[in-house]
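Okay, so the sequence shown: first residue is 6 according to my numbering, each after it adds one.
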Amino acid sequence: MSNRFKRAVIDDVTSRNIDDVLEASLLDLFESAMKTVATTLVREAKFDISDFASAKERGCEGFALLVSRARADSRNEWFGAFQRGEQRLDVIGHLE
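Printed below as a string of structure tokens:
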């Protein structure tokens with residue numbers, strides 16, 4: 006099955022200066038980015054969240070997201086780091 010259609014699972018989250026509503030929106034964006042990157046040979050990708058269609062309505066504009074493979078030999082396990090000023094959200098997730 007293509008990684009694009011696998012279920013995204015969030016394994017761990019660490020946040021700083023992020024409320025629950027914003028965290029939920031960022032996690033949705035991470036899942037989408039993880040599925041997109043996992044279908045390629047990319048090991049690391051950087052996104053400006055403002056480029057996502059739903060970023061403005063979710064209050065996520067201005068965040069940068071770095072997505073990287075958790076292990077070099079796996080396209081199923083990923084780290085994500087969101088940053089906007091003093092706000093930060095670190096995520097570990099996988100596809101199954």
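Just so you know, even glycine gets a beta-carbon here, dropped at the ideal spot from N, CA and C. Keep in mind that this is a model prediction, so the values were computed, not measured.
| query | From this set, SER30, SER59, ALA86, PHE10, which residue's C-alpha is nearest ALA75's C-alpha? | reply | ALA86
| task | Let me know if ALA38 comes out buried or exposed under the rule of 16 or more other beta-carbons within 10 Å of its beta-carbon. | result | By the 10 Å Cβ count, ALA38 comes out buried.
| said: Report the CB separation of ALA43 from LEU100 in whole angstroms; it is logged as a contact under 8 Å. | reply: 6 Å
| task | Classify SER73 as helix, strand or coil using the three-state DSSP reduction. | result | strand
| query | For ASN81, which residues from the same chain have a beta carbon less than 8 Å from its beta carbon, with the 5 sequence-adjacent residues on both sides left out? | reply | ASN8, LYS11, ALA43, HIS99, LEU100, GLU101
| message | To the nearest angstrom, how far is the alpha carbon of PHE68 from that of ASP25? | response | 16 Å
| field | C-alpha distance - ASP145 paired with ASP95, whole-angstrom precision | value | Nothing about residue 145 can be reported from this structure: the residues present for the chain run from 6 to 101 only.
| Taking the alpha helix (DSSP H) that LYS61 falls in, what are its first and last residues? | 60–63
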